[in-house]
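Numbering (this note's numbering), first residue to last: 1035 to 1289.
What follows is one structure encoded as structure tokens, with my remarks underneath.
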Ligand SMILES: Nc1ncnc2c1ncn2[C@@H]1O[C@H](COP(=O)(O)OP(=O)(O)OP(=O)(O)O)[C@@H](O)[C@H]1O
Ligand SMILES: [Mg+2]
């Protein structure tokens, strides 16, 4: 198991955003977390990536207890993410955005490299080259020198994925990567997620697009009002009574 979530709970002043959630993620799989709006999916990602600590419960990555570690430490261990509301640096080029992700793996920090010795220059060249490789991987190298803000939404989502990959994660968390994408773009995204998995990177995916989720996931976890109500294969989840009930009345779930 690459990730173990045990009895994880968090309260936000009365709102029980997660209540004793327990599940595991196997190395090399694509696992999805689904559930109606406000179910606690993004909160789960925020806890795994150390944005804030849980009220109780534990998170282990590769048998290292990470639930009390700072975000940057968790990233260094090999956990990275993308954001539901894109967090692209608009005032940077596409390439520079990916370089930010890559700097996590470099010796000199992003800001130290202002003092440029020969070795930092060499390292800078390495960062540029590998960042271009990651852009190529997501199919964006032809836009490397464009300003990030000029990219259409679909490409901005790809850019975020490239930036996340540049930190060389072993586990990537994708928070609604298909949001706002059309059918063709969603199809392409599915190919990209599979390509990521084929690089031996484990994928934990939050997604509202049921078609994509059912087709791509090895396993699915369903949250509702902060509680885990089901876990299983896509087929098991599709016919699960609790899951169907949780989604009744939801009108924004594309099928
Ligand atoms: N930082 C926070 N402070 C207070 N309440 C929060 C905070 N983050 C999330 N919540 C609350 O926790 C609950 C779960 O929110 P969360 O964003 O995790 O849901 P979600 O499953 O990602 O929903 P969506 O599908 O709409 O993205 C909601 O009631 C939300 O208002
Ligand atoms: Mg969310």
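Cβ atoms here follow ideal geometry from the backbone N, Cα and C, with glycine treated the same way.
Here the structure is a predicted model, which means the values were calculated and not measured.
To which residues of the same chain is residue i closer than 8 angstroms at the C-beta, ignoring the five residues directly before and after it?
i: residue 1287; result: With a pLDDT of 46 at residue 1287, under the threshold of 50, the modelled position of this residue cannot be trusted, and the question is left open.
i: residue 1247; result: 1066, 1068, 1239, 1241, 1254, 1268
i: residue 1098; result: 1111
i: residue 1164; result: 1136, 1200
i: residue 1230; result: 1195, 1199, 1206, 1237
i: residue 1105; result: 1083, 1084, 1085
i: residue 1162; result: 1129, 1133
i: residue 1290; result: Outside the shown range of the chain (1035 to 1289) lies residue 1290, about which nothing can therefore be said.
Can you give me the Cβ contacts of residue i inside the same chain, cut-off strictly under 7 angstroms, excluding the 5 residues immediately before and after it?
i: residue 1236; result: 1036, 1059, 1061, 1062, 1063, 1204, 1205
i: residue 1138; result: 1109, 1110, 1201
i: residue 1174; result: 1128, 1189, 1192, 1193, 1196
i: residue 1223; result: 1211, 1212, 1215
i: residue 1271; result: 1254, 1256, 1264, 1277
i: residue 1126; result: 1182
i: residue 1172; result: 1192, 1195, 1196, 1226
i: residue 1057; result: 1039, 1255, 1262, 1265
Closer than 6 angstroms by C-beta to residue i: which residues in its own chain qualify, once you throw out the five before and the five after it? Chain order, please.
i: residue 1251; result: 1064, 1066, 1268
i: residue 1183; result: 1124
i: residue 1219; result: 1188
i: residue 1276; result: 1263, 1264
i: residue 1114; result: 1198, 1201, 1203, 1206
i: residue 1050; result: 1260
i: residue 1054; result: 1041, 1043
i: residue 1159; result: none
i: residue 1010; result: Since the first residue shown for the chain is 1035 and the last is 1289, residue 1010 is missing from the structure and cannot be characterised.
i: residue 1094; result: 1038
Please classify residue i as buried or exposed, where buried requires at least 16 neighbouring CB atoms within 10 angstroms.
i: residue 1081; result: buried
i: residue 1279; result: exposed
i: residue 1075; result: buried
i: residue 1176; result: exposed
i: residue 1289; result: Summary for residue 1289: the model assigns pLDDT 47, below 50, so the residue's position carries little reliability; its value from the coordinates is reported in the next sentence. Residue 1289 is exposed by the Cβ-count criterion.
i: residue 1046; result: exposed
i: residue 1232; result: exposed
i: residue 1234; result: exposed
Whole-angstrom Cβ separation of residue i and residue j, contact assumed at under 8 angstroms?
i: residue 1117; j: residue 1209; result: 6 angstroms
i: residue 1040; j: residue 1088; result: About 10 angstroms separates the two Cβ atoms, so there is no contact after all.
i: residue 1083; j: residue 1207; result: 7 angstroms
i: residue 1078; j: residue 1103; result: The pair is not a contact, with the Cβ atoms about 16 angstroms apart (cut-off 8 angstroms).
i: residue 1169; j: residue 1132; result: 6 angstroms
i: residue 1140; j: residue 1152; result: So it is not a contact: roughly 15 angstroms between Cβ atoms.
- Considering only residues of the stretch 1255 to 1280, which uninterrupted beta strand (DSSP E) runs meet the minimum length of 3 residues and lie entirely inside it, listed in chain order? 1261 to 1266
- So which residues put a beta carbon under 7 angstroms from any heavy atom of ligand 2, going in chain order? 1075, 1076, 1118, 1209, 1210, 1240
- Query: Where are the alpha helix (DSSP H) runs, 4 residues long or more, that stay fully inside the stretch 1199 to 1247, in chain order?
  - Reply: 1217 to 1232
- Message: Please give the ranges of any alpha helix (DSSP H) in the stretch 1105 to 1135, keeping only runs that are unbroken, at least 4 residues long and fully inside the region.
- Response: 1105 to 1111
- Uninterrupted alpha helix (DSSP H) stretches inside the stretch 1072 to 1099 (no shorter than 4 residues): 1075 to 1082
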